[in-house]
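Take 3 as the starting number for the sequence shown in the numbering used here and just add one per residue.
Data first, discussion second: the structure below is written as C-alpha cells.
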Amino acid sequence: MAGLLIALLVVPLVATALSIVGGNRGRELATIASGVASLVLAVIVVWHVRNGTELHTLNNWLHLDSLSGVFILATGLLYATGSVFSVGYLRALADAPGHDRYARRYFAYLNLFGWTMLLVPLMNDFATLWVAVELTTIVSVLLVALDRTDAALEAAWKYVLIASVGLGIALLGVIVLYASGTHALGDSYLPRFASYIGAGTRLSQVPVELAFLLAVVGFGTKVGLAPLHTWLPDAHSEAPSPVSALLSGALLANAFYAILRFYQVSEAANGDRFARHVLLVFGAVSLVVAALFVLQQENYKRLLAYSTIEHMGVIALGIGFGVRIAVAGALFHVVNHAAAKGLAFFGSGSVLRRYGSKEIADVKGAGSVLPFSGPMLLAATLALAGLPVSGIFRSEFQIVVGGFSRPEYVWVTLLLVFVNVAFFGVVWHAGQMVLTRPDEGAVRGETSWLMVGAMAACLVVVVAFGVHQPTALKALLNHAATLLGVGQ
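What follows is the structure, encoded as C-alpha cells:
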C-alpha cells in the first residue's frame, strides 16, 4: 500500500514528460489519464488511513495520515477534473497561431503543478514541506504568466514577489522552530512532525509561538489571508480558468495545510489557546475584507478570487474555534470548497470562451446561451454562498455549531454577518450574468462537452456531500481533528 504513495507522485511526472515530447493528442490523453489516475490513487490511499492508520515509504520521507489525506483528496479531485476541462478549454483555440507550442507548455506545466501539489501533503518534516510549497509557487507562476499578456505578466510578477517574501518569513518560522527543539531533541535532528509532537511540553513555549506566528504570516501569504492577499485577485483573474480552479481549491488549501502542521506543534507544546486566537483574528479579517470587496467587483474571475479569500477565512475560523465539530467542519470545508470553486472557475472558463470578456457587464443571458454551463455556474455560486443542499452549507453549519458550543459568540456573529454579505454580492453578480436576457444574435451552444463533463463531476460532489456525508469521510475528518489536538 505504501508503494501507492510513490505511484501517486510518479504518474504526474510521466505525464509531464509525455506532454513535452508527445504530439497534441498524446499530451491530451496523458494529462487526462494522469489526472484520473491520481484521483483514483488518492481515494485508495486515503481510504486506507481513514481510521487513523498511517502510511510511510522511502525511509519515512513520504508520509500520509488522516490530516494530509484531506488535502490529497481535494488536490486529486481538482487535478482530475481540471485535466479533463483543460483539454476542451484548449481545443477551443486549436486554430490560433502558435497553439501547438502553447499547448505543450500548458500541459507540461499543468501536470508538473499537479505533482507539486500532491507532493506537499506527503512531506514528513518541516524542511521538505517548505521546499514543496516553494515548488508549487515556481510552477504556478509559470502558469499564471502563460498567456504572456501585460496583465498576466504583471500578475505573475506580483505573485512571485509577494509569495517569495511570505515564504521567506515561513522559512524563518521553520528555523525558529528547529532552534526551539534543540534542547529537547539535540543539536542535530530531522525536523519531523512526530518528533516535535512527541517532545510536547519540553519545547520552549515562546519560540514555538513565534514560529507559529511566522508560519501564519508566511504561509498565510500563499493562503491569501488578509491583509496578505493582494497578489491573489490578479493571479486568479489572469491565469487560465482551469489553473485558477487549481490555485483556488488546491494550492491555497495546501499552504493552509502547512500552517496546520505548525498548529499541531503549538498545541502539543503549550495548548492551543495562542494558536487558536491567531487563526481567529486572521480568519475574521480575511472574511470581512473579502465580503466587502465581493460587493464591488466588475470582473467575474476577480469576484471568485475574493470568494476564495472569504472561504479561507471561514476555514481559519473553524480551526480557531477548536472544538471537534468545528475543526472537522473546517476540514470538510476544504474538500467542499475545492469542488465548488472548481465548478465556479470552470464555469467562468466556459463563459470566457463564449463571450470573450471577463467583465460581468459584458455577460448577458449565460443561462440560455450556455444551456449546461450557465446553470451550473449559477449552481456553483449558490453553493459558494452556502445555500442548503450543498456541501458548503453542511460544513459551514458544522463550523457555526462549533463556534456556539465553545462559545465564541463574537467570532460566530462576524462569521454569520459577513458570510451573508458575501452571499448577496456573489448571487447578485451571478444573477446578472446568468438570468438576464441575452443580446440579439448571441451564439448559443457549449464550447466543449469535455468542459461540461468536468463541471458536472464537480457538481455531483457539491450536491452529494450536501445531501450525505459518507461514513468513511466522516471517520477521516474526525481522526484528522484528533491529530489537531481536538477532544470530543
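Even for Gly, the Cβ is constructed at its ideal location relative to N, Cα and C.
As the structure is a prediction and not an experimental result, all values here were calculated from the model.
- [ ] Determine the closest residue to Leu80 out of Tyr357, Val412, Ser243, Leu418, with distance taken between C-alpha atoms.
- [x] Taking only the C-alpha atoms, the option nearest Leu80 is Ser243.
Open item on the list: On the criterion of 16 or more Cβ atoms from any shown chain inside 10 Å, does Arg150 qualify as buried, or is it exposed?
Closed with: Under this definition Arg150 is an exposed residue.
Task: As assigned by DSSP and simplified to three states, the class of Glu30 - done: helix
Task: Limits of the alpha helix (DSSP H) - the one that His313 falls within - done: Segment 302 to 323, the alpha helix (DSSP H) holding His313.
Task: Other residues of its chain near Phe295: CB distance less than 6 Å, five sequence neighbours each side excluded - done: Tyr308
- [ ] Could you pull out every residue in the same chain whose Cβ sits closer than 6 Å to the Cβ of Val403, ignoring the five residues on either side in sequence?
- [x] Ile327
- [ ] Identify whether His58 lies in helix, strand or coil by the three-state DSSP scheme.
- [x] Reduced to three states, the DSSP call for His58 is strand.
TODO: Express the C-alpha separation of Ile171 and Thr383 in angstroms, rounding to a whole number.
DONE: Computed Cα separation, rounded: 34 Å.
- [ ] With DSSP collapsed to three states, give me the class of Arg439.
- [x] coil
TODO: Could you check the C-alpha separation between Glu156 and Gly455 for me, to the nearest Å?
DONE: 33 Å
Open item on the list: For the structure I just gave you, are there three or more beta carbon pairs, one from the stretch 138 to 154 and one from the stretch 108 to 120, closer than 8 Å?
Closed with: yes
Task: alpha helix (DSSP H) runs wholly inside the stretch 409 to 487, at least 4 long, in chain order - done: At a cut-off of 4 residues, the continuous stretches assigned as alpha helix (DSSP H) that sit fully inside the stretch 409 to 487 are 411 to 436, 451 to 469, 473 to 485.
Task: Leu174 vs Leu216 beta-carbon contact at 9 Å - done: Taking C-beta atoms as the reference points, Leu174 and Leu216 count as a pair closer than 9 Å.
Open item on the list: Measuring alpha carbon to alpha carbon, tell me which residue in Lys160, Arg446, Thr59, Ala19 is nearest Leu230.
Closed with: Nearest of Lys160, Arg446, Thr59, Ala19 to Leu230, Cα basis: Lys160.
- [ ] Give me the Cα-Cα distance between Phe214 and Leu306, rounded to the nearest whole angstrom.
- [x] 29 Å
Open item on the list: Quick check on DSSP: helix, strand or coil for His231?
Closed with: Looking at His231 - three-state DSSP - the assignment turns out to be coil, as it is neither helix nor strand.
Task: First and last residue of the uninterrupted alpha helix (DSSP H) at Leu10 - done: 5 to 23 is the span of the alpha helix (DSSP H), which, as asked, contains Leu10.
- [ ] Grab the span of the alpha helix (DSSP H) containing Leu144 for me, first residue to last.
- [x] 128 to 146
Open item on the list: Using a 10 Å radius around the Cβ and a threshold of 16 neighbouring Cβ atoms, would you call Asp152 buried or exposed?
Closed with: exposed
- [ ] State buried or exposed for Gln298, treating a residue as buried only when at least 16 other CB atoms are found within 10 Å of its CB.
- [x] Under this definition Gln298 is an exposed residue.
Open item on the list: For a test of the three-state rule: what should DSSP assign to Leu124, helix, strand or coil?
Closed with: helix
Task: Validate contact between the stretch 120 to 128 and the stretch 92 to 100 using beta carbons, cut 8 Å, 3 pairs - done: no
TODO: Taking Ala19 as the reference, give the member of Ser36, Asn126, Leu7, Thr473 with the closest Cα.
DONE: Ser36
TODO: Look at Gly331 and Arg396 and say whether their C-beta atoms are less than 9 Å apart.
DONE: yes
Open item on the list: Between His185, Val51, Met435, Asn480, which has its C-alpha nearest Phe334's C-alpha?
Closed with: Asn480
Task: Candidates Arg408, Thr438, Pro390: closest to Val464 by CA position - done: For the residues Arg408, Thr438, Pro390, the minimum Cα distance to Val464 belongs to Pro390.
Open item on the list: Buried or exposed, going by whether 16 or more other CB atoms sit within 10 Å of the CB of Phe467?
Closed with: Phe467 is classed as buried because its beta carbon has at least 16 other beta carbons within 10 Å across all chains shown.
TODO: Pull up the distance between the alpha-carbon of Phe195 and that of Phe128, whole angstroms please.
DONE: 7 Å
TODO: Note down the Cα distance separating Leu169 from Val445, rounded to an integer number of angstroms.
DONE: 46 Å
TODO: Would you kindly report the start and end of the unbroken beta strand (DSSP E) that includes Leu372?
DONE: Premise fails: Leu372 is in no beta strand (DSSP E) and is neither H nor E.
TODO: Using alpha carbons as the reference points, say which of Asp189, Leu248, Ala271, Phe258 lies closest to Leu212.
DONE: Ala271
Task: Beta-carbon proximity list for Phe276, same chain, < 6 Å, skipping 5 on both sides - done: Glu211
Task: alpha helix (DSSP H) segment containing Leu297, residue limits - done: Note, Leu297: premise wrong, no alpha helix (DSSP H); not H, not E.
Task: Cβ neighbours of Leu41 in the same chain (closer than 8 Å, five flanking residues each side left out) - done: Cβ neighbours of Leu41 beyond the five flanking positions: Gly78, Leu79, Tyr81, Ala82.
Task: Local conformation of Arg150 per DSSP, three classes - done: coil
Open item on the list: Give me the DSSP bridge partner(s) of Glu361.
Closed with: Asn301
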